[in-house]
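*Asks:* Numbering (our numbering), first residue to last: 647 to 979.
Heads up, the beta-carbon is just placed ideally off N, CA and C, and yes, glycines get one too.
1. Could you tell me whether the Cβ atoms of residue 913 and residue 948 are closer together than 8 Å?
2. Measure from the alpha carbon of residue 874 to the alpha carbon of each residue in 725, 911, 833, 808, then state which is nearest.
3. Tell me the DSSP secondary structure of residue 951 in three-state form.
4. Going by DSSP in three states, residue 805 sits in which element: helix, strand or coil?
5. Do three or more CB pairs link the segment 739–748 to the segment 693–707 at distances below 8 Å?
6. Counting C-beta neighbours from all protein chains within 10 Å, is the total for residue 896 16 or more, i.e. buried, or is it exposed?
7. Distance check for residue 678 and residue 921, CA to CA, integer angstroms please.
8. I need the straight-line Cα distance from residue 937 to residue 726, nearest angstrom please.
9. Under a Cβ-count criterion, where at least 16 other Cβ atoms within 10 Å of its own Cβ denotes burial, should residue 840 be classed as buried or exposed?
10. Which same chain residues, not among the five before or five after residue 720, have their C-beta less than 7 Å away from its C-beta?
11. In three-state DSSP terms, what is residue 771?
12. Just the Cα atoms here: how many angstroms apart are residue 862 and residue 954?
13. In this structure, does DSSP put residue 744 in helix, strand or coil?
14. Assuming residue 782 contacts residue 856 (C-beta within less than 8 Å), just tell me the rounded distance between them.
15. Leaving out the 5 sequence neighbours to the left and right, which residues in its chain are closer than 7 Å to residue 908 when beta-carbon positions are compared?
16. Taking 6 Å as the limit between beta carbons, can you name the residues of its chain near residue 910, skipping five residues before and five after?
17. Do residue 775 and residue 793 count as a contact pair if the criterion is CB distance below 8 Å?
18. From residue 976 to residue 736, what distance separates their C-alpha atoms?
19. Count the other C-beta atoms from every protein chain shown that fall within 10 angstroms of the C-beta of residue 892, then say buried if there are 16 or more, exposed otherwise.
20. Less than 8 Å separating the beta-carbons of residue 738 and residue 811?
21. Which residue marks the beginning of the beta strand (DSSP E) containing residue 913, and which one marks its end?
22. Around the Cβ of residue 681, are there at least 16 other Cβ atoms within 10 angstroms (buried) or fewer (exposed)?
23. Identify which residue in 850, 848, 903 has its Cα closest to the Cα of residue 869.
24. According to DSSP, is residue 779 helix, strand or coil?
25. Is residue 941 buried or exposed, if buried means 16 or more other CB atoms sit within 10 Å of its CB?
26. So, under 8 Å CB-CB, residue 715 and residue 838 are touching, yes? Tell me the CB distance rounded to an integer number of Å.
27. From residue 728 to residue 872, what does the alpha carbon distance come to, in whole angstroms?
28. Given a cut-off of 8 Å, decide if residue 710 and residue 717 are closer than it, judged by their beta-carbon atoms.
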């Protein structure tokens, strides 16, 4: 019971100090750099990517971990694990209470054991876990588990590959050489921001579990995006104009794919006030070519109902006041 209370306290404390905008995903994409034969994984947020980091508690047990995570359909073998079930994810993390990249000196101060707070990359294998509130955890290893030689020596499916992580403005990116993932480019992915928590004392809880999911690019962790496509946009609805601390995100709509060639999918965030907004799509001349009330949590619009290839504007209108609440460019191929 004391353990669970401690977890709750830490979660509530972290929620008070991180900025919601820094973890509210507005876009996610993975693009191939043909010249350098590498992939660039990027998450964009409404605030400053990587600006919020955990407050240290002085202990590995109970240590908070913040992450920008790319769940993928890659196979465990592609990233150096043995053949096993689970979701292979690239996790960009910060955790000031411990350092799990012993081969790398991210802050370049000559000390390889003091830079856990610096944003760095891991391959992890995620599995369902009902003992944690986020429903996911890093899979535990067994005595016969095979891990890459760059693993940090913790008893779970985690690797510390040393990939470069860059934060700039609202973007956090990581470069991954294709040679490090069996030259795979035909895979799907999603984008997630989350609060995780380390456990070293309870035999019931996982060593690293997901306790709070701040944002999911697709809205439902369906991994709908493919490499090379600038596939997801998120439109934030201005409901109050309030900003600042806390984790109450504005209402938002995920729009994908963008560019689109067959259908445009819109997914509303949890708690979205259905029936209160209308969507209007206008062409470059300002003429409305499509409009409807947002009455369902998902909406699929055939491209043929909008028009020919070109650039359009999606406007979200308050159904009562008629005020413009959000806007986003849409490209049709």
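*Replies:* Taking the geometry as given:
1. no
2. 833
3. helix
4. strand
5. Of all C-beta pairs linking the segment 739–748 to the segment 693–707, three or more are shorter than 8 Å, placing the two stretches in contact.
6. Because residue 896 carries a pLDDT of 45, less than 50, the predicted location of this residue cannot be relied on, and the following value inherits that uncertainty. Label assigned to residue 896: buried.
7. 40 Å
8. Between residue 937 and residue 726, the C-alpha separation is close to 49 Å.
9. Around the C-beta of residue 840, 16 or more other C-beta atoms lie within 10 Å, and the residue is accordingly described as buried.
10. So the list reads 734, 827, 830, 833, once near-sequence residues are dropped.
11. Here residue 771 sits in strand by DSSP.
12. 30 Å
13. coil
14. 4 Å
15. 949
16. Excluding residues within five positions, the ones whose Cβ falls inside 6 Å are 947.
17. no
18. 28 Å
19. Because the pLDDT of residue 892 is 31, which lies under 50, any placement of that residue in the model is unreliable, and the question is left without a value.
20. yes
21. 909–914
22. exposed
23. 903
24. coil
25. exposed
26. 4 Å
27. 24 Å
28. no
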